[in-house]
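S.K.:
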Amino acid sequence: MTLARHVVIACLCWLILASPAAAGGKTISVGMTAAFSGPAKALGLGMKAGINAAFAEWNARASEGAARLSLIARDDSYDPEAAGDNTRRLIEENHVLALIGNVGTPTARVAAPIAAAAKVLFFGAMTGASLIRPQPPSRYLIHLRASYQEETAAMVEGLLSAGVKVDEIAFLTQDDAYGEDGFQGAMAALKAKGYADADRLPRGRYARNSLDVEPALIQLLQSRRSPRAVIMVAAYRPAAKFITLGRQLFPDALFLNLSFVGSDALARALGPAGRDVIITQVAPTPDSDLPAVRAYRRALARHEPQASFDLLSLEGYLTARVLIEGIKRAGPNPDREAVIDGLLSLGAFDIGLGMPLRLSAADHQASHRVWPTRLVNGQVTAMNWSDLAKTGE
Numbered sequence: 387m388t389l390a391r392h393v394v395i396a397c398l399c400w401l402i403l404a405s406p407a408a409a410g411g412k413t414i415s416v417g418m419t420a421a422f423s424g425p426a427k428a429l430g431l432g433m434k435a436g437i438n439a440a441f442a443e444w445n446a447r448a449s450e451g452a453a454r455l456s457l458i459a460r461d462d463s464y465d466p467e468a469a470g471d472n473t474r475r476l477i478e479e480n481h482v483l484a485l486i487g488n489v490g491t492p493t494a495r496v497a498a499p500i501a502a503a504a505k506v507l508f509f510g511a512m513t514g515a516s517l518i519r520p521q522p523p524s525r526y527l528i529h530l531r532a533s534y535q536e537e538t539a540a541m542v543e544g545l546l547s548a549g550v551k552v553d554e555i556a557f558l559t560q561d562d563a564y565g566e567d568g569f570q571g572a573m574a575a576l577k578a579k580g581y582a583d584a585d586r587l588p589r590g591r592y593a594r595n596s597l598d599v600e601p602a603l604i605q606l607l608q609s610r611r612s613p614r615a616v617i618m619v620a621a622y623r624p625a626a627k628f629i630t631l632g633r634q635l636f637p638d639a640l641f642l643n644l645s646f647v648g649s650d651a652l653a654r655a656l657g658p659a660g661r662d663v664i665i666t667q668v669a670p671t672p673d674s675d676l677p678a679v680r681a682y683r684r685a686l687a688r689h690e691p692q693a694s695f696d697l698l699s700l701e702g703y704l705t706a707r708v709l710i711e712g713i714k715r716a717g718p719n720p721d722r723e724a725v726i727d728g729l730l731s732l733g734a735f736d737i738g739l740g741m742p743l744r745l746s747a748a749d750h751q752a753s754h755r756v757w758p759t760r761l762v763n764g765q766v767t768a769m770n771w772s773d774l775a776k777t778g779e
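For the sequence shown, position 209 matches number 595 in the numbering used here, and the numbering has no gaps at all.
1) For the beta strand (DSSP E) containing asparagine 643, list its first residue and its last residue.
2) DSSP state of valine 762, grouped into three classes?
3) When every heavy atom of the ligand FMN is checked, does at least one fall within less than 7 Å of the C-beta of threonine 538?
4) Which same chain residues end up closer than 8 Å to alanine 548 when comparing Cβ atoms and leaving out the 5 residues on each side of it in sequence?
5) Quick one: Cα of tyrosine 622 to Cα of glutamate 450, how far?
6) May I ask you to verify whether the segment 465–482 touches the segment 659–676, counting CB pairs closer than 8 Å and requiring at least 3?
7) What separation, rounded to the nearest whole angstrom, lies between the Cα atoms of histidine 750 and valine 708?
8) May I have the straight-line CA-CA distance separating serine 694 from threonine 413, to the nearest angstrom?
9) By alpha-carbon positions, which one of Leu507, Ala625, Val496 ends up nearest to valine 482?
10) What is the DSSP secondary structure of glutamine 521, counted as helix, strand or coil?
11) Report the partner residues of glycine 544 according to the DSSP bridge assignment.
12) Could you give the DSSP three-state label for threonine 493: helix, strand or coil?
13) Look up methionine 512 in the DSSP assignment and give the residues it is bridged to.
14) Closest by CA to alanine 768, which one among Ile528, Val542, Ala439, Val663?
15) To the nearest angstrom, how far is the alpha carbon of glycine 511 from that of phenylalanine 636?
16) Looking at the unbroken alpha helix (DSSP H) that takes in valine 679, where does it start and where does it end?
17) Measuring alpha carbon to alpha carbon, tell me which of Pro601, Arg614, Pro613 ends up nearest proline 624.
18) Return the CA-CA distance between aspartate 650 and asparagine 472, expressed in angstroms with no decimal places.
19) With distances taken from CA atoms, which of Ile726, Pro658, Ala747, Gly648 is nearest glutamate 701?
20) Measuring CB to CB, does glycine 712 end up less than 8 Å from leucine 732?
21) Just curious, the beta strand (DSSP E) that alanine 459 is in, first and last residue?
22) Mind pulling the alpha helix (DSSP H) runs of 4 or more residues that sit fully within the segment 610–672?
23) What's the C-alpha gap between alanine 408 and alanine 446?
24) Give me the DSSP bridge partner(s) of valine 416.
25) Check isoleucine 737 in the structure and name its three-state DSSP category.
26) CB-CB under 6 Å to glycine 565, same chain, minus the five flanking residues each way: which ones, in chain order?
27) Give the C-beta separation of proline 742 and alanine 748 to the nearest angstrom, bearing in mind that I take them to be a contact with Cβ-Cβ under 8 Å.
28) Label aspartate 562 either buried or exposed according to how many other C-beta atoms from any shown protein chain fall within 10 Å of its C-beta, with 16 as the threshold for buried.
29) Report the residue from Lys714, Ala497, Ser609, Leu476 whose alpha carbon sits nearest the alpha carbon of glutamate 554.
30) Under the rule that 16 or more other beta-carbon atoms within 10 Å means buried, what is asparagine 763, buried or exposed?
31) Alanine 428 and leucine 698 look like a contact to me (Cβ under 8 Å); what is the Cβ gap, rounded to whole Å?
32) Please state whether DSSP places phenylalanine 441 in a helix, a strand or coil.
33) Checking 8 Å against the spacing of the C-beta atoms, do arginine 661 and leucine 640 come in under that value?
34) Can you tell me whether arginine 531 is buried or exposed? The criterion is at least 16 other CB atoms within 10 Å of its CB, across all chains shown.
35) Going by beta carbon distance, what residues of the same chain come within less than 6 Å of glycine 544, once the five residues before and after it are set aside?
36) Using a Cβ-Cβ cutoff of less than 6 Å, which residues in the same chain neighbour alanine 440 once the five nearest sequence positions on both sides are dropped?
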């Protein structure tokens with residue numbers, strides 16, 4: 387064998403040993419369909435940044451031979467038909483291990499059944515919709531965040547405890563499954579308080595992917611009394627327009643939004659008009675000193691430096707962290723079923739949120755916690771519902 391051949395062989399061996407596959411084992415692909423363009427793009431981009439940061443953090447720390455994680459993300463522009471097409475392609479063409487981080491109820495309504503029919507995990511969607519939380523649970527639908535019904539129930543409880551009367555509450559809802567689900571959660575909470583006619587409260591609607599909120603405002607103006615609180619089940623751009631116009635018509639009203647609105651995107655869209663807007667959250671604020679949040683800030687700064695420290699990327703990061711726990715439980719060569727078994731075997735577990743998360747065959751939602759926040763000088767700030775009573779609101 388000539389010296390030249392020795393050199394070539396040595397170089398080839400070095401390249402093989404230095405390759406990612408050899409150094410880090412195989413790569414596991416996880417799929418995501420979400421809005422990366424259109425009116426809801428801030429939500430999808432934020433979730434994707436957080437997921438990528440968590441995956442990169444895992445890849446950097448994974449032991450020799452451990453599988454690396456890769457996210458394959460497809461843009462659906464918050465369109466249900468596109469989300470369905472993306473889901474099929476991710477499963478059939480990309481052969482993803484699982485799906486993570488779908489954004490929105492209308493898209494989940496289409497994508498989740500496709501995943502379940504294909505026996506692929508549909509995990510950690512950015513929606514609290516009840517339609518993907520059947521009872522008993524579907525094996526292939528597993529969640530991190532609290533439900534919309536839990537969020538609106540927390541709003542109702544907080545408002546009533548602060549002295550707002552039931553007939554002083556009004557609603558703005560997106561005219562689709564997302565809006566209806568949030569509205570029904572509030573109805574259930576109000577009826578549980580003994581208000582049987584809750585569905586007669588003033589309610590305005592607007593079309594998904596539209597900024598046409600003026601008709602909804604007119605509907606509220608036609609009610610018998612001006613609202614002291616408007617519970618909003620909306621996306622951030624129409625929500626911002628509604629609040630800006632609504633402050634002129636109802637200057638003393640509180641405006642409350644679900645977590646799905648995207649707090650930082652809403653704050654940017656509102657500017658000074660965002661003062662004291664309330665937003666329920668399914669994660670602590672990004673400036674929290676909790677261990678998981680500190681880890682999130684480090685991971686995002688290192689692996690996604692262009693992304694913002696906000697609740698969207700934090701939710702994406704936490705969602706990916708929980709999926710990683712399931713993958714770790716699934717063994718060295720996880721398949722689609724093993725990952726589900728891994729997640730459902732976790733029971734009570736702690737990723738550093740100051741409270742245990744729980745997953746089991748009977749409970750497919752890891753967290754039921756709702757955190758209230760409000761906008762102060764354009765920043766999302768933690769609050770307590772009792773703060774409303776203290777300020778006389």
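Think of the CB as a built atom: it goes at the ideal place given N, C-alpha and C, for glycine as much as any other residue.
Quick caveat, the model's predicted, so the values are computed rather than measured.
M.R.: Well, looking at it:
1) On the sequence shown, residue 643 is found 257 positions in, with the first residue counted as 1. Unbroken beta strand (DSSP E) run through asparagine 643: 640–643.
2) Sequence index remark: in the sequence shown, residue 762 carries index 376 (1-based). Strand at valine 762.
3) Ligands displayed in this structure: none; no statement on the ligand FMN is therefore possible.
4) Looking up residue 548 in the sequence shown gives position 162. Answer for alanine 548: Trp771, Ser772, Leu774, Ala775, Glu779, listed in chain order.
5) In the sequence shown, the residue the question calls residue 622 occupies position 236. In the sequence shown, the residue the question calls residue 450 occupies position 64. Going by the C-alpha atoms only, they are around 43 Å apart.
6) no
7) Position 364 of the sequence shown holds residue 750. Position 322 of the sequence shown holds residue 708. Approximately 12 Å, taken between the alpha carbons.
8) As a working note, residue 694 is residue 308 in the sequence shown. As a working note, residue 413 is residue 27 in the sequence shown. Taking the straight line joining both Cα atoms gives about 27 Å.
9) Reading the sequence shown from its first residue, position 96 is the one you call residue 482. Ranking the options by Cα distance to valine 482, first place goes to Leu507.
10) What you label residue 521 is simply residue 135 of the sequence shown in a count that begins at 1. Glutamine 521 falls in the coil class under three-state DSSP.
11) Position 158 of the sequence shown, counting from 1, holds the residue named residue 544. DSSP output for glycine 544 lists no bridge partner at all.
12) Along the sequence shown, read from residue 1 onward, the residue named residue 493 stands at position 107. In the structure shown, threonine 493 sits in a helix (DSSP, three-state: H, G or I).
13) Working through the sequence shown from its first residue, we reach residue 512 at position 126. Val489, per the DSSP bridge assignment.
14) On the sequence shown, position 382 is the one that residue 768 refers to. Among Ile528, Val542, Ala439, Val663, the Cα nearest to that of alanine 768 is on Val663.
15) Locating residue 511 in the sequence shown gives position 125, counting from the first residue. Locating residue 636 in the sequence shown gives position 250, counting from the first residue. Here the sequence assigns alanine to residue 511, which means glycine is not the residue at that position. Taking the straight line joining both Cα atoms gives about 34 Å.
16) Indexing the sequence shown from 1 puts residue 679 at position 293. It spans 677–689 - the alpha helix (DSSP H) in which valine 679 sits, taken as one unbroken run.
17) For the purposes of this step, residue 624 is identified with residue 238 of the sequence shown, where counting begins at 1. Checking every option, the nearest Cα to that of proline 624 belongs to Pro601.
18) By 1-based counting over the sequence shown, the position of residue 650 is 264. By 1-based counting over the sequence shown, the position of residue 472 is 86. Cα to Cα, aspartate 650 sits roughly 27 Å from asparagine 472.
19) To locate residue 701, count along the sequence shown from 1; it is residue 315. It is Gly648 whose Cα lies nearest to the Cα of glutamate 701.
20) Taking the sequence shown and counting its residues from 1, the one referred to as residue 712 is at position 326. Taking the sequence shown and counting its residues from 1, the one referred to as residue 732 is at position 346. Yes, the pair counts as a contact, with Cβ atoms nearer than the cut-off.
21) The sequence position of residue 459 within the sequence shown is 73, counting from 1. Element bounds for alanine 459: 454–461.
22) 622–635, 649–656
23) Locating residue 408 in the sequence shown gives position 22, where the first residue counts as 1. Locating residue 446 in the sequence shown gives position 60, where the first residue counts as 1. Because alanine 408 sits at a pLDDT of 31, beneath the cut-off of 50, its placement in the model cannot be relied upon, and the following sentence gives the value as read from the coordinates. Cα-Cα distance, rounded: 15 Å.
24) One-based indexing of the sequence shown puts residue 416 at position 30. DSSP, once it has assigned bridges, lists Leu457, Ala484 as partnering valine 416.
25) Here residue 737 refers to the residue found at position 351 when the sequence shown is read from its first residue. Reduced to three states, the DSSP call for isoleucine 737 is coil.
26) Here the question's residue 565 lines up with position 179 in the sequence shown. The answer, listed in chain order, is Thr559, Val619.
27) Position 356 of the sequence shown, counting from 1, holds the residue named residue 742. Position 362 of the sequence shown, counting from 1, holds the residue named residue 748. In fact, because the Cβ distance is near 16 Å, the residues do not count as touching under 8 Å.
28) The count along the sequence shown starts at 1 and reaches residue 562 at position 176. Label assigned to aspartate 562: buried.
29) As a first step, residue 554 is located in the sequence shown; it is residue number 168 there, counting from the start. Selected option, being the one with the closest Cα: Ser609.
30) Within the sequence shown, the letter at position 377 stands for residue 763. So asparagine 763 ends up on the exposed side.
31) The count along the sequence shown starts at 1 and reaches residue 428 at position 42. The count along the sequence shown starts at 1 and reaches residue 698 at position 312. Alanine 428 to leucine 698, Cβ: 7 Å. Contact.
32) Counting from 1 along the sequence shown, the entry for residue 441 is found at position 55. If DSSP states are grouped into helix, strand and coil, phenylalanine 441 belongs with the helices.
33) Indexing the sequence shown from 1 puts residue 661 at position 275. Indexing the sequence shown from 1 puts residue 640 at position 254. Taking 8 Å as the Cβ cut-off, arginine 661 and leucine 640 do not qualify as a contacting pair.
34) Residue 531 sits at position 145 when you count from the first residue of the sequence shown. Buried.
35) Within the sequence shown, numbered from 1, the residue matching residue 544 stands at position 158. Trp771, listed in sequence order.
36) Position 54 of the sequence shown holds residue 440. Here the set comprises Tyr703, Ala706, Arg707.
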